[in-house]
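Protein chains in written order, with this note's numbering: chain R, -1 to 217; chain G, -1 to 217.
Report on the following structure.
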DNA sequence: AATTTCAGTGCACGTATGTACACTGAAATT
DNA sequence: AATTTCAGTGTACATACGTGCACTGAAATT
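Structure below.
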């Protein structure tokens, strides 16, 4: 949002440290506040006043940024989804050692964006509102993208799309289980961490082993 | 107030159509009320007053049955877990056509005890309190039991326990994904229903196919 | 028949909530 | 320099919440 060219004054071009930028900063503070409070509670149990206080503003000022907590939730979902998409982009750039590097990428991103992933998982499975539905759709899209990627792999090239989607869904389910495992442990528990990564790799290996013997077409 | 179990009279044993039974009935009403309210919301957003009203009693009478909403939640978890265990027992009594009948059993029970399964899934993934932890433990136990069962199957008899647990976790993850799918659709949508069952069977088939080629290595 | 027990009632309280309203003061525009 | 804009403040109110306390009345015990 660095479009300063449209501002009419010359002064604004040099150093616009203010107003719009300040508003964005407060907005971010609200999102961060919510994300921090969500550490050990569900989104539904979050109050507008709490979030406002955590962000350092008075309750009524909340409305300068969001019309309701629900709207804040949707914004938070979008922000979190950006994390997910970013991860997917990283994972896609792999040529060899597919399983190791995929799990590694997942592990890295969950570590770095723990709060975002926690929010996604919690709202997808525990939530009920518009937020949960938005996330569900996004995850379905993710699985579809994965199916397309899978179609490029050796041995899967002539699979029917139905089977590819089934495989993609299964992989996503396995990955989600891994995310859940990672979120369950303390972030600094290196031992448990390594164990989960190991199991995640084995899970994927077993799945691909099954895929290599899969007889596509009508069974 | 404390020792309730020591009923000294014989009369209480024979046929007490009242008092204790009446209390149990109200207790059940509270559990049912909560379960009904949980249809489209999370447990955390449930208030004591709401549940009491739905059950047809005054708020303060709630305490005659549970010390807190949290305690009610744990009781609800236990009740729901009984549904799960019942399902597992049914599934275990299968000799042939393992995959078909397992998926069939799962499908049946989710249909019949939709509210219970919804509660389990939501609280496991969306919750945070003592309830969520209790469910997590129970699901781990379930996976361990499954690992023991798997050890009796042809081709898996000499697998190391680590690999068996990995396989069991993967199966549970696949099953949970299926439960989520079933909970997402309308209960009377027969077409979507059948599609989910079909995909669930394929998922399991692929997993067992992978297992049949798995080389249980000692790491 | 007299007494005790206790599930359920009714009231009262302090606290937290969402949000309406009038405001302030500095940045932005004129 | 005068004016407008608007993110953030402060007060206020109706509502919902958890829960303490004194109670009622029928079942259970004596």
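Note that beta-carbon positions come from the ideal geometry of N, C-alpha and C, so glycine has one too.
Let's test the definition: count the other Cβ atoms within 10 Å of the Cβ of residue i and tell me whether it reaches 16, buried, or not, exposed.
{"i": "residue 167 of chain G", "result": "buried"}
{"i": "residue 120 of chain G", "result": "buried"}
{"i": "residue 186 of chain R", "result": "exposed"}
{"i": "residue 74 of chain R", "result": "buried"}
{"i": "residue 81 of chain R", "result": "buried"}
{"i": "residue 196 of chain G", "result": "exposed"}
{"i": "residue 253 of chain R", "result": "Here chain R covers residues -1 to 217 and nothing more, so residue 253 of chain R does not appear."}
{"i": "residue 135 of chain R", "result": "exposed"}
{"i": "residue 151 of chain G", "result": "exposed"}
{"i": "residue 176 of chain R", "result": "buried"}
{"i": "residue 139 of chain G", "result": "exposed"}
{"i": "residue 116 of chain G", "result": "buried"}
{"i": "residue 200 of chain R", "result": "buried"}
Using a Cβ-Cβ distance cut-off of 8 Å, determine whether residue i contacts chain R.
{"i": "residue 197 of chain G", "result": "yes"}
{"i": "residue 159 of chain G", "result": "no"}
{"i": "residue 4 of chain G", "result": "For residue 4 of chain G, the predicted structure reports a pLDDT of 34, less than 50, and the residue's modelled location is therefore unreliable. A value from the coordinates is still provided. Chain R, which has no Cβ nearer than 8 Å to the Cβ of residue 4 of chain G, makes this no."}
{"i": "residue 97 of chain G", "result": "no"}
{"i": "residue 9 of chain G", "result": "In this prediction, residue 9 of chain G scores a pLDDT of 39, lower than 50, which makes its location untrustworthy; no coordinate-derived value is stated."}
{"i": "residue 143 of chain G", "result": "no"}
{"i": "residue 35 of chain G", "result": "no"}
{"i": "residue 172 of chain G", "result": "yes"}
So what's residue i in DSSP terms, helix, strand or just coil?
{"i": "residue 57 of chain G", "result": "helix"}
{"i": "residue 148 of chain R", "result": "helix"}
{"i": "residue 95 of chain G", "result": "coil"}
{"i": "residue 64 of chain G", "result": "coil"}
{"i": "residue 111 of chain R", "result": "coil"}
{"i": "residue 35 of chain G", "result": "helix"}
{"i": "residue 215 of chain G", "result": "coil"}
{"i": "residue 125 of chain G", "result": "coil"}
{"i": "residue 294 of chain G", "result": "Here chain G covers residues -1 to 217 and nothing more, so residue 294 of chain G does not appear."}
{"i": "residue 71 of chain G", "result": "helix"}
{"i": "residue 165 of chain R", "result": "helix"}
{"i": "residue 184 of chain R", "result": "coil"}
{"i": "residue 176 of chain G", "result": "helix"}
{"i": "residue 40 of chain R", "result": "coil"}
Taking Cβ to Cβ, would you say residue i is nearer than 8 Å to residue j?
{"i": "residue 97 of chain G", "j": "residue 28 of chain G", "result": "no"}
{"i": "residue 33 of chain R", "j": "residue 113 of chain R", "result": "yes"}
{"i": "residue 208 of chain G", "j": "residue 205 of chain R", "result": "yes"}
{"i": "residue 141 of chain R", "j": "residue 162 of chain R", "result": "no"}
{"i": "residue 225 of chain R", "j": "residue 49 of chain R", "result": "One cannot answer for residue 225 of chain R here, as it falls past the ends of chain R, which runs -1 to 217."}
{"i": "residue 180 of chain G", "j": "residue 194 of chain G", "result": "yes"}
{"i": "residue 85 of chain G", "j": "residue 107 of chain G", "result": "yes"}
{"i": "residue 211 of chain R", "j": "residue 211 of chain G", "result": "yes"}
{"i": "residue 103 of chain G", "j": "residue 93 of chain G", "result": "no"}
{"i": "residue 42 of chain R", "j": "residue 42 of chain G", "result": "yes"}
Within the 8 Å Cβ cut-off, does residue i reach chain G?
{"i": "residue 72 of chain R", "result": "no"}
{"i": "residue 200 of chain R", "result": "yes"}
{"i": "residue 153 of chain R", "result": "no"}
{"i": "residue 55 of chain R", "result": "no"}
{"i": "residue 118 of chain R", "result": "no"}
Report the CB separation of residue i from residue j in whole angstroms; it is logged as a contact under 8 Å.
{"i": "residue 198 of chain G", "j": "residue 101 of chain G", "result": "5 Å"}
{"i": "residue 126 of chain R", "j": "residue 182 of chain G", "result": "Residue 126 of chain R to residue 182 of chain G, Cβ: 12 Å. No contact."}
{"i": "residue 71 of chain R", "j": "residue 124 of chain R", "result": "Between residue 124 of chain R and residue 71 of chain R the Cβ distance is about 13 Å, and since that is not below 8 Å, they are no contact."}
{"i": "residue 165 of chain R", "j": "residue 148 of chain R", "result": "6 Å"}
{"i": "residue 130 of chain R", "j": "residue 68 of chain R", "result": "11 Å between Cβ atoms; not a contact."}
{"i": "residue 171 of chain G", "j": "residue 172 of chain R", "result": "6 Å"}
{"i": "residue 46 of chain G", "j": "residue 36 of chain G", "result": "Not quite, the Cβ-Cβ distance comes to about 14 Å (not below 8 Å), so this is no contact."}
{"i": "residue 63 of chain R", "j": "residue 16 of chain R", "result": "Not quite, the Cβ-Cβ distance comes to about 17 Å (not below 8 Å), so this is no contact."}
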